[in-house]
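What follows is one structure encoded as structure tokens, with my remarks underneath.
Protein chains: 2
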Amino acid sequence: MGASKTEHFSEKQKTIATLAKALGHPARVSIIDYLLTVDYCICGDIVNELPLAQPTVSQHLKELKNAGLISGNIEGTAICYYIDDKAIDKLKNYFTEIASKLEQKKTIIEATNNNIRNK
Amino acid sequence: MGASKTEHFSEKQKTIATLAKALGHPARVSIIDYLLTVDYCICGDIVNELPLAQPTVSQHLKELKNAGLISGNIEGTAICYYIDDKAIDKLKNYFTEIASKLEQKKTIIEATNNNIRNK
DNA sequence: TTTATATATTGCAATAATACGATAGATATC
DNA sequence: GATATCTATCGTATTATTGCAATATATAAA
Numbered sequence: 000m001g002a003s004k005t006e007h008f009s010e011k012q013k014t015i016a017t018l019a020k021a022l023g024h025p026a027r028v029s030i031i032d033y034l035l036t037v038d039y040c041i042c043g044d045i046v047n048e049l050p051l052a053q054p055t056v057s058q059h060l061k062e063l064k065n066a067g068l069i070s071g072n073i074e075g076t077a078i079c080y081y082i083d084d085k086a087i088d089k090l091k092n093y094f095t096e097i098a099s100k101l102e103q104k105k106t107i108i109e110a111t112n113n114n115i116r117n118k
Numbered sequence: 000m001g002a003s004k005t006e007h008f009s010e011k012q013k014t015i016a017t018l019a020k021a022l023g024h025p026a027r028v029s030i031i032d033y034l035l036t037v038d039y040c041i042c043g044d045i046v047n048e049l050p051l052a053q054p055t056v057s058q059h060l061k062e063l064k065n066a067g068l069i070s071g072n073i074e075g076t077a078i079c080y081y082i083d084d085k086a087i088d089k090l091k092n093y094f095t096e097i098a099s100k101l102e103q104k105k106t107i108i109e110a111t112n113n114n115i116r117n118k
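In structure tokens:
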């Protein structure tokens, strides 16, 4: 084998997996963290910020871009990268939803246990 | 090269990357989604649920377990897997934090633009 | 037009991930 | 104990990812 059997899963599952995969490397998490600290883009600074060679950073940026987590504007010779709010929101909403479902489950289990105790 | 240069990044960045990576495959997202729908564990059902062979599912479960996203209890011959709340909370908090920082940034930019317009 | 600067692409090597058949281990049932 | 059931591990083939040197591309400055 080798290739993923992605065709069998729902669109939502594939979207979350794609976004999560893009953040599945500390260098790319680090890029996102860095983009949050700067007021204005500056792509070249990311290369200075990371302990990686320029082509490697460029590749990581490409993956983040392909996943939809960042976008870039050309400004002269430089390129201004910024985080895509919508992608972050998708992830935020997904995990918030899971957390709330887990919380709900916990409540049901506790209620059931109380019910058993009171019999 | 090949191996990741993970040693240069912060613990938090590595933690998020590890959790995100574990969800970087639709089969594993699908497993999490499935665990949310059932009241009680049942590992064998996951194999029936997914379009993958039993060893492949077992491997995906192992990765989710190694990343700390799920845990398992042995119940006779079966194994009862469940989602770890703390891991989900880490992800939820991380993306909530990013979303709020982005929102804050947007507000600052708008305020600046208004300031410029009013001069 | 030449030169400098910034980013992307290519090509390659090393490692990791994905998938599954075959098989092992562990517990229940007969 | 023999058998059935459930899950994990091993071995292996295929593909993907990571990383960088070298090079290409594209714009700005001289």
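First to last, the protein sequences are chains A and B. Going by numbering that gives the first Met the number 0, the residue at position 59 of the first sequence is 58; the numbering climbs one at a time, nothing skipped. Going by numbering that gives the first Met the number 0, the residue at position 36 of the second sequence is 35; the numbering climbs one at a time, nothing skipped. C-beta atoms are modelled at their ideal positions from N, C-alpha and C, and glycine is treated no differently. None of the values given here were measured: they were computed from a predicted structure.
Starting from residue 30/A, follow its DSSP beta bridges and name the residues at the other end. Paired residue(s): none; residue 30/A is not in a bridge.
Among residues of its own chain, excluding the 5 on either side of residue 53/A, which ones have a beta-carbon nearer than 7 Å to its beta-carbon? 46
Quick check: the Cα distance between residue 107/B and residue 38/A, rounded to an integer number of angstroms? 10 Å
For residue 61/A, would you say it is in contact with chain B, using Cβ-to-Cβ distances shorter than 9 Å as the test? It does not; no Cβ of chain B falls within 9 Å.
Near residue 148/B, what residues of its chain come up, given a Cβ to Cβ distance below 6 Å and the 5 sequence neighbours on each side ignored? The first residue shown for chain B is 0 and the last is 118, placing residue 148/B beyond what the model contains.
Sheet register partners of residue 79/A (DSSP bridge): For residue 79/A, the beta-bridge partners assigned by DSSP are 72/A.
Taking only the alpha-carbon atoms, compute the straight-line gap between residue 118/B and residue 104/B and give it to the nearest angstrom. Caution is warranted here: a pLDDT of 46 is assigned to residue 118/B, below 50, making its placement in the model unreliable, and no coordinate value can be reported.
Any chance the CB of residue 104/A is under 8 Å from a heavy atom of the ligand GTP? In terms of ligand content, the structure shown is empty, and the ligand GTP therefore cannot be addressed.
Do three or more CB pairs link the stretch 23-43 of chain B to the stretch 74-84 of chain B at distances below 8 Å? Contact between the stretch 23-43 of chain B and the stretch 74-84 of chain B is established, with three or more Cβ pairs separated by less than 8 Å.
With 16 as the cutoff for other CB atoms within 10 Å, does residue 2/A come out buried or exposed? Reliability of the predicted coordinates at residue 2/A is poor, the pLDDT of 43 falling under 50, and no value is obtained from them.
If you measure from the beta carbon of residue 29/A to each beta carbon in chain B, is any gap under 9 Å? At least one C-beta of chain B is nearer than 9 Å to the C-beta of residue 29/A.
Can you round the beta-carbon distance between residue 95/A and residue 64/B to whole angstroms, since I take them to be within the 8 Å contact cut? For residue 95/A against residue 64/B, the beta-carbon gap comes to about 23 Å, at or over 8 Å, which does not count as contact.
Check whether the Cβ of residue 9/B lies closer than 9 Å to any Cβ atom in chain A. Judged by the 9 Å Cβ criterion, residue 9/B is in contact with chain A.
Is the CB of residue 19/B under 9 Å away from at least one CB in chain A? yes
Kindly give me the distance between the Cβ atoms of residue 78/B and residue 67/B, rounded to whole angstroms, as I take these residues to be in contact under 8 Å. That pair is no contact at about 17 Å.
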